[in-house]
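One rule links them: number in this note's numbering = place in the sequence shown (from 1) + 118.
Ideal placement from N, C-alpha and C gives every residue a C-beta, glycine not left out.
What follows is a short report on a single structure.
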Amino acid sequence: MQLGRDLGDSVEVVAGLSPADRIINNPPETLAAGDAVRVAQATSQAAAPAPPPPSSKQ
119 MQLGRDLGDS
129 VEVVAGLSPA
139 DRIINNPPET
149 LAAGDAVRVA
159 QATSQAAAPA
169 PPPPSSKQ
């Protein structure tokens, strides 16, 4: 996964994810590699694709 801009409360993911990938949004501090997780229903916000970044062309 390639990260882009750090926007303070979120970080851009610019490469390395596909629409079928699942991520953990706001994981608890105690979550460690190898821990078991349960897949929950996606919220409408999580299911919607992020808008493209604004174009820097003028």
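Going straight from the alpha carbon of residue i to that of residue j, what length do you get?
i: Arg-140; j: Val-157; result: 9 Å
i: Pro-145; j: Gly-126; result: 16 Å
i: Ala-133; j: Gly-122; result: 9 Å
i: Ala-160; j: Pro-137; result: 13 Å
i: Ala-154; j: Glu-147; result: 14 Å
Any Cβ of chain D within less than 8 Å of the Cβ of residue i?
i: Ala-154; result: Here chain D cannot be found, since the structure has a single protein chain.
Just to confirm my understanding: we take residue i, look at its own chain, exclude 5 residues before and 5 after, and list those with CB closer than 8 Å. What are they?
i: Leu-135; result: Met-119, Ile-141
i: Val-129; result: Leu-121, Gly-122, Arg-123
Identify, in the order they occur along the chain, each residue of the same chain with its Cβ nearer than 6 Å to the Cβ of residue i, setting aside the five sequence neighbours on each side.
i: Leu-149; result: none
I'd like the span of the beta strand (DSSP E) that includes residue i, first residue to last.
i: Val-132; result: 129-133
i: Gln-120; result: 120-124
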